[in-house]
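Chains as they are written, first to last, in the working numbering: chain H, 862 to 1228; chain C, 862 to 1228; chain U, 862 to 1228; chain G, 862 to 1228.
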């Protein structure tokens, strides 16, 4: 079974390759009655490309979403919503040269094995970060849907390489600052240091990774479908759709493994008649179900595998050891571009589970 | 859609509760022709219960698997394989007392919200670690199937609380030592310190978490179904079926976020005519596909939420703040019991993907 | 992907073989809060076996359902409900003799090809009508669930071989009479002729098929999930799970193909403020959606393939032409036993779609 | 869960509405290495529109398929294949007038209930026969894939209203003649009478239905996934995706219900070392599995609901009884257009099951 769909109620199917005609997505299961227009997608698509040219690849990917189906008179109809963005300025010349030289850390080698050499390798093809454009379009719909129920999903950068912020951010601060900085870190002083680190890495023909944090506010309690489709399980799965993700944790995460039970357990108490917890080590999820507290997910992003520095590889045509220096347009750090993609992956999963639980109905209101 | 099934070719559906009649599982999609008998399950089920009574709950859960269907003349038939283990010695008296007092860190509260109070709360019901018995039975079949293709899945403990081993283990060492120690750590000196830490935690009415590592050897390259059903995505999802998991990472994982590209990329080279990597930061997965190198997954397990120490909670019946000291049989650390469960979750996912890719056929050999 | 599950919200997974230990089923996705006990299943299971021994096989299959999970304090919990019935009095001696001689009209030959000879061929194994016991258990839950919303599903026999009733039955008449006759035909005069026809067929070493009709009352309008998961599409699929089904039609069905548009279209009109149709050629479904009128489905059942009369076949061991006379206990007509199975298949599908549409919630009422 | 996808290995997701921008489809799971270009789709799309203008609606729907993704260097890549056809000459003026007047026999009424009035009702929207364009595009790929394994799928008309052919057609005759006649009946003398019947029906403001037969040649034995995903079950489900289908049967179908067992059973015999049957009452499927003989499926298509003759309906805005005469472009008989759609639905299902069984691999040949 092919694996290009995710979600059981809000089902997202992506298509398209980095250097193909389009990148697109079909969202099946979006409730009828959600106002939606092409302009809704622009802000999210723009957020993928930081304004600061020194930290991203030179490609000017001004992406414009086209709605192909599923919207009528300004509202979703309950039919599948198909969306696409055209690929422009694709220059595939650099890729021909390295067709037989798999880039270390990249999918080139296993993709060639899996697809028997038929895969579109240009620009990484189906494995390119560009494919997150589809995720972001679906995520835009998910976020619009969630916002009707006051659920807000906010991702931001908390580390680039070894530059980290230890600040705890309030939601207002995140909303205000994260897209102010090219590195998408709401701690603006730290954001500047992150930018420097990226610029330095590029100069050295190097690349950097980082950490993205994502919170979701106002999710009701009891959402998730254990045993296997637990909310944390499905969130973990979804974020791996963003290229370069190597780890995920909730709340205290790996740090929880070092704590005593009494330290890690979040005590319950009443606040305004509502059950809340005094601490947030659980990251908003217990037993695979939301507890009505903010969800907190942390995602590890590895450094971009495509670097100018010479690396060792194998020539798959001659089957001899070889060396490789990756040319062409490559981001020295994909973390800033991955921020809206992580947000989208989380939003899609939350929307899916809110519908699965019956919290969001199939028709939003009578016309 | 309910969420008690996982896998698209090797499909595992679990049922049963901690204090109900049975814990069981149906495996649909196991190829025909695999030799299988009830005794195959005993070793794996026994591994769930460390022999050392000081570090586990007093319950003597000698579990015996019964095959209900899908096996004929000693071989799997291609029909669904149903398995169950009876629950014995269930004492639910302790749970009645705390029915309205949700344990901090446990699923009690969100489960009550989700299921409107109808859920079987005795012993944690469906959210109990006991349900991993079903996972382990399915995993036993998966491991037998994988072993025909020389794939070996090995989980072990690498940290309990703050006691950690930094040793790099060879496969032979893991196989030999991990079940020698009650804490399932193949570094036997470290294993002893872990045991002490658990005994001390219990004395103080406390609990501990830890880290489980799992490697999979001899997986062929090119296995996984990107974009969404990437191998790492599906592995990440599967391990969250084991209660208390709060994080997962592959290879260098979160540490990769701090490395430079040239440090993190695993260079390719030829070895005996085969493409291999010189380092293993990727954890055996690139672009969601296996690369033919060992898979390495690390899982964070939180400390057991049920502790004797008094904790703050809310009485959901009176809706007043309350205090709670959890009585009854509880493991001061679930990590040892979780080791075979993580191994099962990984094996199930690998078997599923080996069939999905066509590597494992639907009939193993002509009768 | 194995195919032993059906339904996307009310998901039914069956297991077990005719001569194995048990026949069982797991229902995942039944809402929490439905009263359920083992006695609920007895009436439905008893309905499978007509009291008249002359028209059924000699096997005394008094089946008793055992609830293994998913029910607590007399209510469903929202967890998977596992059920099983033990197989008794299985005598497999007759089957050894014909192991290599596939019965014409039966699954013996293609099953042997598909499963490489590993399938449990005893009594037809997984392909036996006995497996409908699992369907009937799941259907019992579906019917109980639907009855809370006044939806009633009623199947009955309308033809056995060439003996047909042309009566149009009212719901009350169907309820009263269908299980009064061993042949399950509510036209009791016709039912008697059907019984004679079956007895005669048996005497001649022959068998008969027939037609089963099934109506569903009080389904609300707008249920179904086009384009592919239309209600009629999913109903059609479900009834093919009952062995020996060879055709299915809705309302006027194949007869509609001969009508003019103005004859076949069911005119709309108001009745008590509700939109109704004056005729029922659509069988209650338009565009794959219910229209609020009774659903009417007709199912063709072929004559039992196992007959005493000598037939031509091939010996698959020697690969020579051969002759075969089927010995052992075989029903001369499976239609009466198939009636509750068709009812179950329809009820399961309706319950699934009522939950999918959001009409039935995930928790039936607050505890 | 929304229902716009079908198939578990060869997964087809459709999108688009009759009067929207496009009709499109995503095929996920097509093996890599299949030669494919846009011109492959033209012949199939052209077949949907009979050349004879007297028997079809006036709309000139010259449809041209555009490949958006999944094809590289002339071969499928293993990535999702997205295809679309633009909608031209859509005139929605006629529909505004009847927005509140549901057409008898059409989905207007239940669609309005289901989607709360948000559905795109223009031209029937998502329920229009136009949506079969998506099915036909996916079917074109399925047929190309099947043809590599010599599997041929051939649909044709066998009845229009009361005009029927009783001829048994050979495969060569079907291939040669079916698209020679506007009514798609390979019995050319009968085809002419069918055409007259349609022309007469149109003159009277009436419409006609009919029967479509579809055979599939050279399917290997043992394909299908019982218990629920039997081949006949999945074929039955798939054909209901074609609007106006009201019934489906295999082989002798409903007629089998009247036969004795010895008449209906197809005796096995050897022919050239291969197991074959002497008759074909089973329609090529036993126990939900192919038997290596031709598959034969018959589908009942109702008369087009949109007719010029005045009909009774209800005004859903005023909730009063009303009358309606449908204006605009409507086919007096959809059977000819449905022939390639049924062929596509069957081919998609066969391709899906050939991959599911492992008969068709995931990569067609090494590049």
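Just so you know, even glycine gets a beta-carbon here, dropped at the ideal spot from N, CA and C. The structure presented is a predicted model; accordingly, all values stated were derived computationally and were not measured.
| message | Please report the straight-line C-alpha distance between residue 1067/C and residue 1182/C, rounded to a whole angstrom. | response | 22 Å
| request: Check the DSSP bridge columns for residue 866/U and list the partner residues they point to. | output: 874/U
| said: Are the CB atoms of residue 929/U and residue 940/U within a distance shorter than 9 Å? | reply: no
| message | When you compare the CB of residue 1127/U with every CB in chain C, is at least one pair closer than 9 Å? | response | no
| message | So if DSSP puts residue 885/G in a beta bridge, which residue, or which two residues, is it bridged to? | response | 876/G and 945/G
| query | For residue 1030/G, which residues from the same chain have a beta carbon less than 6 Å from its beta carbon, with the 5 sequence-adjacent residues on both sides left out? | reply | 1047
| query | Within the 9 Å Cβ cut-off, does residue 1225/U reach chain C? | reply | yes
| task | Could you tell me which residues DSSP puts in a beta bridge with residue 1172/U? | result | 1185/U
| Which term fits residue 900/H, buried or exposed, when burial requires 16 or more other beta carbons within 10 angstroms of its beta carbon? | exposed
| message | Counting only Cβ-Cβ distances shorter than 7 Å, please list the residues of the region 1073-1093 of chain H near chain C, keeping chain order. | response | 1082, 1083, 1086, 1087, 1088, 1089, 1090, 1091 and 1093
| task | Tell me, please, whether the region 945-965 of chain H touches the region 1195-1204 of chain G by the rule of three or more beta-carbon pairs shorter than 8 Å. | result | no
| message | Determine whether the beta carbon atoms of residue 1069/U and residue 891/U lie at a separation below 9 Å. | response | no
| request: Keeping to the same chain, check which residues put their C-beta closer than 6 Å to that of residue 1105/G; ignore five residues upstream and five downstream. | output: 1162, 1163 and 1195
| message | Any contact between the region 1208-1222 of chain H and the region 1007-1020 of chain H? By contact I mean 3 or more CB pairs, one from each, below 8 Å. | response | yes
| task | Give a yes or no on whether 9 Å exceeds the smallest Cβ distance from residue 1228/G to chain C. | result | The pLDDT assigned to residue 1228/G is 44, lower than 50, so where the model puts this residue is not dependable; a value taken from the coordinates is nonetheless given after this. False, the Cβ-Cβ gap to chain C never drops below 9 Å.
| task | Report, in whole angstroms, the separation of the C-beta atoms of residue 1003/C and residue 1152/C, which I expect to be a contact under 8 Å. | result | The Cβ separation is near 21 Å, so there is no contact.
| Is there contact here, the region 1140-1160 of chain U with the region 1071-1078 of chain U, by at least three beta-carbon pairs under 8 Å? | yes
| said: So the candidates are 1144/G, 1134/G, 864/G and 1177/G; which of them puts its Cα closest to the Cα of residue 1134/U? | reply: 1177/G
| said: Counting C-beta neighbours from all protein chains within 10 Å, is the total for residue 1027/U 16 or more, i.e. buried, or is it exposed? | reply: exposed
| task | Kindly confirm or deny that the region 872-890 of chain G and the region 979-989 of chain G touch, where touching means at least three C-beta pairs closer than 8 Å. | result | yes
| query | So is residue 975/H in contact with chain G if we call contact Cβ pairs under 9 Å? | reply | yes
| query | Is residue 1078/H helix, strand or coil when you go by DSSP? | reply | strand
| message | At the 9 Å Cβ level, is residue 967/G part of the contact set with chain U, yes or no? | response | yes
| request: Kindly indicate if chain H contains any beta-carbon less than 9 Å away from that of residue 1068/U. | output: no
| With residue 1117/H and residue 1142/H assumed to form a contact (beta carbons below 8 Å), what rounded beta-carbon distance in angstroms separates them? | 6 Å
| query | Does any residue of chain H bring its CB to less than 9 Å from the CB of residue 867/G? | reply | no
| said: With H, G and I counted as helix, E and B as strand and the rest as coil, what does DSSP make of residue 1136/C? | reply: strand
| Bounding residues of the alpha helix (DSSP H) (the contiguous stretch that carries residue 1157/C) | Element bounds for residue 1157/C: not the alpha helix (DSSP H) but the beta strand (DSSP E), 1156-1162.
| Taking Cβ-Cβ distances below 9 Å as the criterion, which residues of the region 931-944 of chain U are in contact with chain C? | 931, 932, 933, 934, 936, 937, 938, 939, 940, 941, 942 and 943
| query | Beta carbon of residue 946/U, beta carbon of residue 926/U: below 9 Å? | reply | yes
| said: Along the chain, where does the beta strand (DSSP E) containing residue 1019/G start, and where does it finish? | reply: 1013-1021
| message | Any beta carbon from chain G within less than 9 Å of residue 1134/C's own beta carbon? | response | no
| Alpha-carbon to alpha-carbon, residue 966/H and residue 1033/C | 28 Å
| said: Output needed for residue 1000/G: all residues of its chain with C-beta closer than 6 Å, excluding positions within five of it in sequence on either side, in chain order. | reply: 1205, 1208 and 1209
| query | With respect to the alpha helix (DSSP H) encompassing residue 926/G, which residues constitute its N-terminal and C-terminal limits? | reply | Segment 926-928 is the beta strand (DSSP E) holding residue 926/G; no alpha helix (DSSP H) there.
| DSSP three-state call for residue 986/U: helix, strand or coil? | helix
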